[in-house]
Amino acid sequence: MSRKLTPYLLVAPLIVFIACFTYIPIFTSLDLSFREWDFLSAGRPWVGLDNYRQLLVSHDFWNALRVTTLFVVISVPIRLVLALAAANFLLRETRSSRVLRAALFLPYVTSTVSIAVVFSWIFATDYGMANAVLQGLGLPKIGWLQDPTLALLVIVIVNTWKQLGYDVIIYIAGLQAVPPELYDAAAVDGGGRWHVFRRVTVPLVMPTTYFLLVISVIEAFQIFTIVDVMTRGGPAGATNMLVSELYKIGFSLFDIGQGSALAVLLFLLLVVLALVKSRLIGRKVHYEA
Amino acid sequence: MKRERLTAFAALAVGLIFLSPVLYTIWMSFQTSDAYYTGRLEFTFDNYATALGQYDFGRYLLNSVLVSGAVTLVSLALSVMAAFAFARFTFPGGNLLFGAVVATLMIPSHISLIPNYLTLAKLGMLDSYAGLILPAISNGFAAFFLRQYIRGIPKALDEAAYMDGATPLKVLWRVIVPIARPAILSMGLFLFITEWNSYIWPLVAVGESELYTLQVGLARLYRINPGEGFLDWPLIMAASTLTLLPVLLGFVLVERHLVRGITMGAVK
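Heads up: the sequence lines are chains A and B, in that order. Under full-length UniProt numbering, the first residue of the first sequence is numbered 1, with each subsequent residue one higher. Under full-length UniProt numbering, the first residue of the second sequence is numbered 1, with each subsequent residue one higher.
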């Protein structure tokens, strides 16, 4: 009798939390995106698509979309290529490869704010390490975080440095699942190291690559902390990401309706990406030996 | 033999260079501000005293420990129960519910930022520990990961316990939890670190400085620019070291557990 209820009672607490703080908020955001509200006034009048219309004519929104997309398009491929190369190099179970893996992985679990702070120092115009190196080489100082292009590049570098270890670990797990005979076979066929890497390794870790692609694109589109600490979206909006814009509209301007509209648009973008990619993954999984 | 030692040395060197930003943070935190700006070497613990006392990082440290600890314990308890149910019971709606739990991994968290803020405002829980803790528990990763692990435990063990008249809760507590302890520990560590490093929610949920976590406190300290006209980098680095040190220490002790937890979640 109570046996039938048992599993429901066991899952109920977690399900309640997930419902309240993950699923219902999706619908709340959708509802709020059609209303005008400043968080203080009593009424929340329905305004239809007004919030979306305002967003789509706002320069700040398009700028944030452009900057974030640029960031994703630059940083994700760099991460994946570096990670696959490093994983291929660190595949063997030697002590030095274990030490290096741990070193690569450490930034991933380190506080993002701490990392953003120390890189702010490294790229500071005065007394910063990067400029100290430049001056040591007899070159002039550079305003890393004052130049729009360089500032975005710095954000890419910092984010890559932080996330690389995760990608490497996942790639190593993926590579270890490849049967060693396949490498031997390719080597016997007269392939050099590069040939084996291109013809055997890369195709066989395709499922892992697609997994990482989905995860890192979704995560990169939501970049916030590094930017919030290092540049606050500047100079002149050059690093102003979508979530920074959401934070500004929602929690500085208290335009709940427009902030929700932005959240919904970003959500839809990411869901569509996830669905497209999961279809791709479904197709590529056939590579598995 | 000699070549192996050389490779190990090179690996160590590359690792240290890669980690130099972290090492620099710690190194600089022990320098006096004057010495730093004049290029001399002069070591001191004063930066830590100033950060912990004058700038309230003692309080932030306590807040971070309490919040991360609570999130970890509650999340683990709820996730272990749910994982047990998903792994061992077939029940109508079970697959659907499990799907909903797994899907939280793909749902971007920014969508719940404004709604959760409003929910907690309505409950009067902004600027409270509860406000920091509750939304963070809504995470399906641990339940998903632990279900995979529990499915690998032979079912005969449960059945033997049921024969002896044990209740499901007893089976969970006496049979499953002890066997799954390594996985639970890995997961707990992962949850603790994730919550420790969490930034945007504490930033949104808390306005009063007594409830800042280390992450928010550090970002604020960097922004308010202590020191006159120039940044007091050694002080900021001491605060930063306090912010990253607990996790670094944990990492050194249990890195392998952590890596296993993350890998098993990603690659079946």
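All C-beta atoms, glycine included, are put in the ideal place defined by N, C-alpha and C. Quantities reported herein were computed from a predicted structural model and do not represent experimental measurements.
query: Tell me which same chain residues have a C-beta within less than 6 Å of the C-beta of PHE61(A), skipping the five on either side of it?
result: Within the first sequence, numbered from 1, the residue matching residue 61(A) stands at position 61. Only LEU55 meet the Cβ criterion.
Per-residue contacts from PRO7(A) into chain B (C-beta, under 7 Å): For the purposes of this step, residue 7(A) is taken as residue 7 along the first sequence, with counting starting at 1. In chain order, ALA85, PHE89, PHE91, GLY94 make up the part of chain B whose C-beta sits under 7 Å from the C-beta of PRO7(A).
- prompt: If you check the beta carbons only, do THR160(A) and ILE215(A) fall under 8 Å apart?
  reply: For the purposes of this step, residue 160(A) is taken as residue 160 along the first sequence, with counting starting at 1. For the purposes of this step, residue 215(A) is taken as residue 215 along the first sequence, with counting starting at 1. With respect to the 8 Å criterion, THR160(A) and ILE215(A) are not classified as neighbours on the basis of their beta carbons.
field: is_contact[GLY152(B), chain A] using C-beta, thresh 8 Å
entry: As a position in the second sequence, residue 152(B) is number 152, starting the count at 1. So, not an interface residue.
- prompt: By how many angstroms is the C-alpha of LEU40(A) removed from the C-alpha of ARG66(A)?
  reply: The residue given as residue 66(A) occupies position 66 in the first sequence. The residue given as residue 40(A) occupies position 40 in the first sequence. In this structure, the CA atom of ARG66(A) is about 32 Å from the CA atom of LEU40(A).
- request: Whole angstroms is fine: what's the gap from ARG279(A)'s alpha carbon to PHE144(B)'s?
  value: Position 279 of the first sequence, counted from the start, is the residue given in the question as residue 279(A). Position 144 of the second sequence, counted from the start, is the residue given in the question as residue 144(B). CA-CA distance, ARG279(A) to PHE144(B), rounds to 22 Å.
message: Would ALA8(B) pass as an interface residue toward chain A - the criterion being a Cβ-Cβ separation below 8 Å?
response: For the purposes of this step, residue 8(B) is taken as the residue at position 8 of the second sequence. So yes, ALA8(B) belongs to the interface.
- prompt: For LEU30(A), which residues from the same chain have a beta carbon less than 7 Å from its beta carbon, with the 5 sequence-adjacent residues on both sides left out?
  reply: Numbered from its first residue, the first sequence carries residue 30(A) at position 30. Excluding sequence neighbours, LEU30(A) sits near VAL264.
- request: Please compile the residues from chain A whose C-beta is within a distance smaller than 8 Å of the C-beta of LEU78(B).
  value: To locate residue 78(B), count along the second sequence from 1; it is residue 78. Proximity of chain A to LEU78(B) at the Cβ level (cut-off 8 Å) is accounted for by PRO13, LEU14, PHE17, in chain order.
message: Assuming ASN51(A) is part of the alpha helix (DSSP H), what are its boundary residues?
response: Translated into the one-based positions of the first sequence, residue 51(A) becomes position 51. Start and end: 50-56.
task: Using a threshold of 8 Å, state whether the C-beta atoms of PHE251(B) and VAL109(A) are closer than that.
output: One-based indexing of the second sequence puts residue 251(B) at position 251. One-based indexing of the first sequence puts residue 109(A) at position 109. Against a cut-off of 8 Å, the Cβ pair of VAL109(A) and PHE251(B) comes out as a contact.
message: Less than 8 Å between the beta carbons of ALA186(A) and VAL200(A), yes or no?
response: Your numbering for residue 186(A) matches position 186 in the first sequence. Your numbering for residue 200(A) matches position 200 in the first sequence. The Cβ atoms of ALA186(A) and VAL200(A) lie closer than 8 Å to each other.
query: Out of curiosity, what's the CA-to-CA distance linking MET241(A) and SER75(A)?
result: Numbered from its first residue, the first sequence carries residue 241(A) at position 241. Numbered from its first residue, the first sequence carries residue 75(A) at position 75. Their Cα atoms are separated by approximately 14 Å.
message: According to DSSP, is GLN215(B) part of a helix, a strand, or is it coil?
response: Against the second sequence, residue 215(B) aligns to sequence position 215. Helix at GLN215(B).
field: Length of the line joining the Cα atoms of TYR166(A) and MET163(B)
entry: Within the first sequence, the letter at position 166 stands for residue 166(A). Within the second sequence, the letter at position 163 stands for residue 163(B). TYR166(A) and MET163(B) have their alpha carbons spaced roughly 44 Å apart.
message: To be precise: take each residue of the stretch 178-200 of chain B, compare its Cβ to all Cβ atoms of chain A, and keep it if any distance is under 8 Å. Which residues remain?
response: Answer set for the stretch 178-200 of chain B: ILE193, TRP196, ASN197, TYR199, ILE200.
query: According to DSSP, is LEU9(A) helix, strand or coil?
result: Residue numbering aside, residue 9(A) sits at position 9 when the first sequence is read from its first letter. Helix.
- prompt: Out of curiosity, what's the CA-to-CA distance linking ILE224(B) and GLN54(B)?
  reply: Counting from 1 along the second sequence, the entry for residue 224(B) is found at position 224. Counting from 1 along the second sequence, the entry for residue 54(B) is found at position 54. Between the C-alpha atoms of ILE224(B) and GLN54(B) there is a straight-line separation of about 14 Å.
- prompt: Between VAL11(A) and PHE86(B), is the Cβ-Cβ spacing less than 8 Å?
  reply: If you number the first sequence from 1, residue 11(A) lands on position 11. If you number the second sequence from 1, residue 86(B) lands on position 86. Yes, these two residues count as a Cβ contact at 8 Å.
message: Just to make sure I have the definition right: I need the residues of chain A whose C-beta is within less than 8 Å of the C-beta of residue 308(B). Which are they?
response: The structure shown does not extend to residue 308(B), since chain B is modelled only from 1 to 268, so the question has no answer here.
message: Counting only beta-carbon separations shorter than 8 Å, does LEU266(A) have a partner in chain B?
response: The residue labelled residue 266(A) in the question sits at position 266 within the first sequence. Yes, its Cβ sits closer than 8 Å to a Cβ of chain B.
field: C-alpha gap between ASN131(A) and VAL22(B), whole angstroms
entry: Within the first sequence, numbered from 1, the residue matching residue 131(A) stands at position 131. Within the second sequence, numbered from 1, the residue matching residue 22(B) stands at position 22. CA-to-CA, the gap between ASN131(A) and VAL22(B) works out to about 18 Å.
task: Output the residue ranges of the alpha helix (DSSP H) runs that lie fully inside the stretch 84-116 of chain A and measure 4 residues or longer, sorted by chain position.
output: You should have 95-109.
- request: Return the residue from the list VAL101(B), LEU214(B), GLU208(B) that minimises the CA-CA distance to GLU195(B).
  value: Numbered from 1 along the second sequence, position 195 holds the residue referred to as residue 195(B). Cα-wise, what sits closest to GLU195(B) is LEU214(B).
task: Would you mind working out which of ALA103(A), ASP126(A), LEU150(A) sits nearest GLY237(A), comparing C-alpha positions?
output: Residue mapping note: residue 237(A) aligns to position 237 of the first sequence, counting from 1. Ranked by Cα distance from GLY237(A), the options ALA103(A), ASP126(A), LEU150(A) are led by LEU150(A).
field: Where the alpha helix (DSSP H) through LEU118(B) begins and ends
entry: Walking along the second sequence from the start, residue 118(B) turns up at place 118. Residue range 113-122 is occupied by the alpha helix (DSSP H) that includes LEU118(B).
field: Helix, strand or coil at TRP161(A) according to DSSP, with G and I counted as helix
entry: Position 161 of the first sequence, counted from the start, is the residue given in the question as residue 161(A). Assigned with DSSP and collapsed to three states, TRP161(A) falls in helix.
query: Under the three-state reduction of DSSP, which class applies to PHE43(B): helix, strand or coil?
result: Working through the second sequence from its first residue, we reach residue 43(B) at position 43. In the structure shown, PHE43(B) sits in a strand (DSSP, three-state: E or B).
query: Which of the three DSSP states, helix, strand or coil, is assigned to GLN31(B)?
result: In the second sequence, residue 31(B) corresponds to position 31, counting from 1. Strand.
task: Starting from the Cα of GLU4(B), find the closest Cα among ALA87(A), THR94(A), ILE26(A) and give me that residue.
output: By one-based count along the second sequence, residue 4(B) stands at place 4. Sorting ALA87(A), THR94(A), ILE26(A) by C-alpha distance to the C-alpha of GLU4(B) places THR94(A) at the top.
query: Any idea which residues DSSP pairs ARG35(A) with across the strands?
result: Taking the first sequence and counting its residues from 1, one reaches residue 35(A) at position 35. Beta-bridge pairing links ARG35(A) to TRP46(A).
task: Measure the alpha-carbon distance for VAL101(B) versus ARG198(A) and round it to whole angstroms.
output: Mapped onto the second sequence, residue 101(B) falls at position 101. Mapped onto the first sequence, residue 198(A) falls at position 198. So the two alpha carbons sit approximately 37 Å from each other.
- request: Take every Cβ of the stretch 115-129 of chain B, pair it with every Cβ of the stretch 204-222 of chain B, and state whether three or more of those distances are shorter than 8 Å.
  value: At 8 Å Cβ cutoff, the stretches touch.
task: Within its chain, find whatever has a CB closer than 7 Å to the CB of LYS141(A); leave out the 5 residues flanking it on each side and keep chain order.
output: Taking the first residue of the first sequence as position 1, residue 141(A) is located at position 141. The beta carbon of LYS141(A) sits closer than 7 Å to those of THR125, ASN131, LEU134, GLN135, all from its chain and outside the five residues before and after it, given in chain order.
Backbone secondary structure at residue 301(A) - three-state DSSP: As displayed, chain A neither begins before 1 nor continues past 289, which places residue 301(A) out of reach and without an answer.
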